[in-house]
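Written out as structure tokens, the structure is:
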């Protein structure tokens, strides 16, 4: 049922055009029927009801860059692996080389993947894959009472409560 | 005839129904009723919502980068929608027949990331920027295990064309135009001596052809949830932390475009998962001796029965996947950022690499 007049990439182009036309049509409809009554408060940046402080265009965590770098490493790997995946198991090529082709291509690619796996292991060992995890902050009040004492009291109180409960049951 | 004529209206109908279904499923899981007012069982609730959104004012914050802000939702939607171009729909009606098929698909839906970053950066709002950065970090990270699992299926199929991959998983394997005569074996191993070319059914699906593919599919499914920004991977739009993530500042129809793109992505990855692992448009029923169940429940390619049966199987399987996604969304709590990253890089990616090598060995043993 495929229209022979449209090439395979022509069809992809049709999809892109179709998507844009649909979006444009819908936005045009919305533009015709929607109101436009802007005011200063409405156009303010949302910050949970507070006055927005400064601009959001500032610094952010450097780890996002690291993730992007590791991603590029693996994405390039994928780009190389996809063409390989379509040919490494081709029966004609395997038969023509007495079964050598498949295993040869496979071992080659295993080495390639192993090198990249090594890269991942290195990033892992370096701690680049560990996201910042906020440590629970224990507030030091400068009190002369050692924190262990509180725990001891808690334990005694809990034990007393348990004993009380047991007594009530009996 | 291009599949665009089917997919565009189908997608709209799907989004309307899926939003309603999502609310009903969540209500069922939480022991509520869900929408009940508009239409029977609240069926028209989403239609009412859509009409409301169409009439809403399109607010562009004064501090925003206007051009970027306005264009971003269009890019997000069109990038996802263009992914549909290579999907097969029935056994006689496929999309673009390009040889790069699924490779094109994963590259075009990656453009989605650019739209999200534009939306977050262009909004000039802290919530939007955090949401966008989280989303981009998540989507590009999970693209690695996703790509690796897709690669596993491509290695087994030896083709990037999704329609060819579909044909390989059922009784019509020899009807594919331009392919050499092929025979299907149990678990893809001729050494076992059980030929399934005439049997078909679920026995010839990829997930059975290579038994480890169930685990490959699990990785694919988890990664695809993250690609859609869906719970338990909904950190980019975690309502309790960053309001709405990258679409905090959007309103009216531009906001619904972002929503539309999200549901289109859900459907797209469901289709992809079904095509790659669960037999595409092939029937689950095998031929058992004189009981020609596979032939009775699927028509020959090109016939009317063929179109109806295969379209029915593909769409109902995809809907089951959608249901699974919804079920998971309303069952599991959200992950923390460090858990998200360690799950991807320390568990899924190494596991996917090992499964990739095992698939390669399986394929070479299978081909003899």
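Protein chains in written order, with the working numbering: chain W, 14 to 183; chain X, 170 to 537.
Ideal Cβ positions, reconstructed from N, Cα and C, are used throughout, including at glycine.
Beta-ladder partner(s) of residue i, from DSSP
i                     : result
residue 354 (chain X) : X:364
Start-to-end residues for the alpha helix (DSSP H) that takes in residue i
i                     : result
residue 436 (chain X) : 421-445
residue 470 (chain X) : First-last for residue 470 (chain X): undefined, no H or E at that position.
residue 258 (chain X) : Run containing residue 258 (chain X): none in the alpha helix (DSSP H); it sits in the beta strand (DSSP E), 257-259.
residue 375 (chain X) : 375-378
residue 87 (chain W)  : 76-100
residue 410 (chain X) : 408-411
residue 177 (chain W) : 160-182
residue 201 (chain X) : Per DSSP, residue 201 (chain X) belongs to no alpha helix (DSSP H) and is neither H nor E.
residue 281 (chain X) : 270-292
residue 72 (chain W)  : From DSSP, residue 72 (chain W) is part of no alpha helix (DSSP H); its letter is neither H nor E.
residue 321 (chain X) : 295-326
residue 205 (chain X) : Careful: residue 205 (chain X) lies outside any alpha helix (DSSP H) and carries neither H nor E.
residue 246 (chain X) : 235-251
residue 449 (chain X) : No alpha helix (DSSP H) contains residue 449 (chain X), which DSSP labels as neither H nor E.
Local conformation of residue i per DSSP, three classes
i                     : result
residue 42 (chain W)  : helix
residue 519 (chain X) : helix
residue 212 (chain X) : coil
residue 460 (chain X) : strand
residue 262 (chain X) : strand
residue 110 (chain W) : coil
residue 504 (chain X) : coil
residue 498 (chain X) : helix
residue 405 (chain X) : helix
residue 343 (chain X) : helix
residue 14 (chain W)  : Unreliable positioning characterises residue 14 (chain W) in this predicted model, as indicated by a pLDDT of 46, which lies under 50. A coordinate reading is not provided.
residue 126 (chain W) : helix
residue 139 (chain W) : coil
residue 227 (chain X) : coil
residue 157 (chain W) : coil
residue 332 (chain X) : helix
residue 174 (chain X) : helix
residue 20 (chain W)  : coil
residue 192 (chain X) : helix
residue 396 (chain X) : helix
residue 417 (chain X) : coil
residue 359 (chain X) : helix
residue 381 (chain X) : coil
residue 151 (chain W) : coil
residue 55 (chain W)  : coil
residue 64 (chain W)  : coil
residue 487 (chain X) : helix
residue 221 (chain X) : helix
Any C-beta of chain X under 8 Å from that of residue i
i                     : result
residue 63 (chain W)  : no
residue 184 (chain W) : What the structure shows of chain W is the stretch from 14 to 183, and residue 184 (chain W) is not part of that stretch, so it cannot be assessed.
residue 143 (chain W) : yes
residue 94 (chain W)  : yes
residue 111 (chain W) : no
residue 138 (chain W) : no
residue 15 (chain W)  : Legend: pLDDT at residue 15 (chain W) = 48, less than 50; position of this residue unreliable, no value from coordinates given.
residue 60 (chain W)  : yes
residue 166 (chain W) : no
residue 102 (chain W) : yes
residue 46 (chain W)  : yes
residue 70 (chain W)  : yes
residue 130 (chain W) : yes
residue 91 (chain W)  : yes
Below-8 Å beta-carbon distance, residue i vs any chain W residue
i                     : result
residue 230 (chain X) : yes
residue 440 (chain X) : no
residue 354 (chain X) : no
residue 221 (chain X) : no
residue 465 (chain X) : no
residue 272 (chain X) : yes
residue 177 (chain X) : yes
residue 517 (chain X) : no
residue 469 (chain X) : no
residue 184 (chain X) : no
residue 235 (chain X) : no
The region 22-36 of chain W: positions lying closer than 7 Å to chain B by Cβ: As a matter of chain content, chain B is missing from the structure shown, whose protein chains are W and X.
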